[in-house]
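**Q**
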Amino acid sequence: MPAVPFDVNVRQQPRAAIIDLHGEINAGAEARLNDAYEQADRGDPEVILLNFSQVIYMNSTGIALIVGLLARARKHKRRIIACGLSQHFRDIFEITRLSDFMPVFNDEVGALSKAEQAEHVHVRQSEARGKA
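Counting in our numbering, the sequence shown runs from 1 upward without gaps.
(1) In the DSSP assignment, find the unbroken beta strand (DSSP E) run with S53 in it and report its ends.
(2) Taking buried to mean at least 16 other C-beta atoms within 10 Å of its own C-beta, is P5 buried or exposed?
(3) If we count Cβ pairs, one from each stretch, closer than 8 Å, do we get three or more for the segment 50–70 versus the segment 5–25?
(4) Which term fits A139, buried or exposed, when burial requires 16 or more other beta carbons within 10 angstroms of its beta carbon?
(5) So L98 is in the beta strand (DSSP E); what residue range does that whole segment cover?
(6) Please state whether DSSP places H88 in a helix, a strand or coil.
(7) Check F93 in the structure and name its three-state DSSP category.
(8) With distance defined between alpha-carbon atoms, name the residue in G68, R79 and F105 nearest to F89.
(9) Among A115, A40, V67 and D35, whose alpha-carbon lies nearest the alpha-carbon of Q12?
(10) Quick one: give me the first and last residue of the beta strand (DSSP E) that R79 is part of.
(11) How should V109 be labelled, buried or exposed, when 16 other C-beta atoms within 10 angstroms of its C-beta is the threshold for buried?
(12) Please say whether L21 and F52 have beta carbons closer to each other than 8 Å?
(13) Hey, out of T61, S86, L112 and F101, whose CA is closest to K77's CA?
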């Protein structure tokens, strides 16, 4: 089976940046993946959503690249979430414990909805602490 080249697209929403991932995530994806993260981060989103719905293959180097994005996001206090993972990739996220640090959702709509709900809870908790 021929390799499917990696492609990426960044979409900006009012409070989120969505990085649509396509094809194979391996060492060859590193530069484009990092560029996409930088583009998403420039919009100063509350959350960055990695959409894996069009990913057909990801090797251990690809997992390491995703871990690198997670580390960058955490360093800059940016939330990062994922959606569209096949069951195989969900299992990998569980085994590697990536899902402990990067919430995984079935689809983009659900991910963005939950992210917005979580942000509202965080704001209310911050306001409550300020009144105490």
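Note that the Cβ used here is the ideal one computed from N, Cα and C, for glycine as well.
It should be emphasised that the depicted structure is a prediction, and the values quoted were computed from it without experimental measurement.
**A** To lay it out plainly:
(1) V47 to M58
(2) exposed
(3) yes
(4) As shown, the chain starts at 1 and ends at 132. That puts residue 139 outside it, with no answer to give.
(5) Segment: none, L98 is in no beta strand (DSSP E) and carries neither H nor E.
(6) helix
(7) helix
(8) F105
(9) A40
(10) R79 to C83
(11) exposed
(12) yes
(13) F101
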